[in-house]
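Residue numbering for the sequence shown follows the working numbering, starting at 36 and increasing by one per position.
The structure appears below as structure tokens.
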Amino acid sequence: MKHAYITGATGCVGRNLVDVLLEDGWRITVLHRPSSDLSRLDGCDVAFQPVDLHDSDSVMSAFQSGIDAVFHAAGNMSHWSADADRQWRDNVLATRNLVDASLRHGAGRFVFTSTGAVTLYGETDEAAAARIKQGYIRTKRLSELEVLKGVERGLDALIVRPIIVVGKYDYNNYARIFQLIKSGRERRSLPGRIAFCHAADVARGQLSAYEKGRTGERYMLAGPYASWQTFFQLAADCMGVDVRIKAVPRSLFVALAYTQDFISRFTHKEPELTPDLAFLLQDVPESFFDPQHMAEQELGYHSASLPHMIEGAINGQTVRN
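So this is what it looks like as structure tokens:
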């Protein structure tokens, strides 16, 4: 029986990965913060290992020899500049410590879950990555570079880059949007177009990356390319909500982002909308999303249709009465 360590197992991507690995017969150890709410893993046949990913000694002591795979799916997804220091520790330092422990203990393969947003800046080196303004993208690219440094030191590692992940076990991000639409309080969508991917397909893509991926490679896990207006409208239709969704003008969206960010400097509370998030949700050309279809050709990756992934997310109890 193969043995995997997973970080981020209580998040949407990681929780779907737990299901996929259990179905495939894996033994799983969940690395988690001592303060983590593990109730989302109730009923799962997994072992738990508390660890401080910021502390290299803690990570080293949490590892054991003979691990077949380390799936690093944890991450700080904040888009607020005030979280910069914490985000660097959560993303970059944690990845560095996991890479070091994987090398020291001879882990079979390291699969890092990054974000497709890093492609907006190309394959930047460390100096250029450090200048990226958006904290989430900056720290994810710097984390990728920690993984690639590990490859240079002999680690069998590779990177997957999902885009907008929709699916079961999302209790925060798009589930909240669905809830607002269902209640009739949301009639406007975000502006722009982007690629969406199904959480279960991303999890299968992570496993396929372990099985088939090339060491040091970066695989984009994309999916249907659509507008946010289409996404919101499909969600409304799926829930039987009689509403015609219209997109917020981008100029207004950006203005709101800067206004909320300015107010947060006085309230010291994270705003719902920030300039970083507005940048991330810009109208991204479809050409950014795996034009060579590398993940499809090498990993056998495929993504569900947008209506299917939205329906699955809603039926997966992400929207509660």
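Ideal placement from N, C-alpha and C gives every residue a C-beta, glycine not left out.
6 Å Cβ shell around residue i - same chain, five flanking residues per side excluded
i, result
"V319", "I229"
"T64", "Y40, A82, Q84"
"T154", "F323"
"G351", "K203"
"S224", "W263, Q264, F267, I280, A282"
"D325", "M255, A257"
"T309", "H114, W115, A292, D296"
Rounded C-alpha distance that separates residue i from residue j
i, j, result
"L190", "V146", "11 Å"
"V182", "G275", "45 Å"
"D90", "A104", "21 Å"
"A164", "V278", "42 Å"
"K37", "R62", "6 Å"
"D125", "A270", "32 Å"
"D120", "S286", "30 Å"
"F267", "L315", "18 Å"
"T174", "V134", "15 Å"
"D296", "I102", "43 Å"
"S218", "I349", "14 Å"
"R176", "D160", "9 Å"
"I199", "T250", "25 Å"
"M95", "A136", "5 Å"
"R211", "S178", "28 Å"
"Y239", "M329", "With the sequence shown as reference, residue 239 is identified as Arg, and Tyr is not the correct amino acid for it. Spanning the two alpha carbons is a distance of roughly 15 Å."
"W123", "G43", "16 Å"
"R188", "W115", "34 Å"
"A117", "R144", "34 Å"
"A109", "Y206", "16 Å"
"K184", "P284", "42 Å"
"F213", "A235", "19 Å"
"E58", "R300", "47 Å"
"A162", "N111", "21 Å"
"R220", "Y209", "15 Å"
"P342", "L52", "22 Å"
"E333", "G60", "23 Å"
"D54", "K304", "35 Å"
With 16 other Cβ atoms within 10 Å as the buried cut-off, status of residue i
i, result
"Y293", "exposed"
"R139", "exposed"
"K168", "exposed"
"T302", "exposed"
"S74", "exposed"
"I298", "exposed"
"D311", "buried"
"G78", "exposed"
"Q241", "buried"
Option nearest residue i by Cα separation, candidates the options
i, options, result
"S93", "D236, G110, G78, L128", "L128"
"E158", "F324, L180, E333, G141", "L180"
"A339", "G347, G78, C79", "G347"
"A142", "H107, V48, A313", "H107"
"L14", "E333, D80, H337", "Residue 14 lies beyond the stretch modelled for the chain, which goes from 36 to 356, so this question has no answer here."
"A152", "T309, Q241, R196", "R196"
"R68", "A97, P284, R166, A162", "A97"
"A313", "E331, F288, Q332, R300", "F288"
"D272", "S70, L308, N132, R222", "R222"
9 Å Cβ cutoff met for residue i and residue j
i, j, result
"G335", "K281", "no"
"Y171", "S113", "yes"
"D72", "T45", "yes"
"L215", "V237", "no"
"V48", "T148", "yes"
"Q244", "L291", "This sequence places Ala at residue 244; Gln is not what is there. Contact flag unset, no."
"Y19", "E321", "For residue 19 there is no data in the structure shown, the boundaries of the chain being 36 and 356."
"L76", "R50", "yes"
Own chain, CB closer than 7 Å to residue i, minus 5 neighbours either side, in chain order
i, result
"M344", "V201, G202, F231, H233"
"Q99", "H140"
"Q317", "G227"
"V186", "A192, T250, G251"
"E331", "H337"
"N132", "L88, S91, V94"
Same chain, Cβ closer than 8 Å to residue i, neighbours up to 5 away in sequence not counted
i, result
"Y369", "It is not possible to answer for residue 369, since the shown part of the chain is limited to 36 through 356."
"E307", "Q295"
Neighbour flag for residue i against chain B, beta carbons, 9 Å
i, result
"H233", "Of the protein chains in the structure, only one exists, and it is not chain B."
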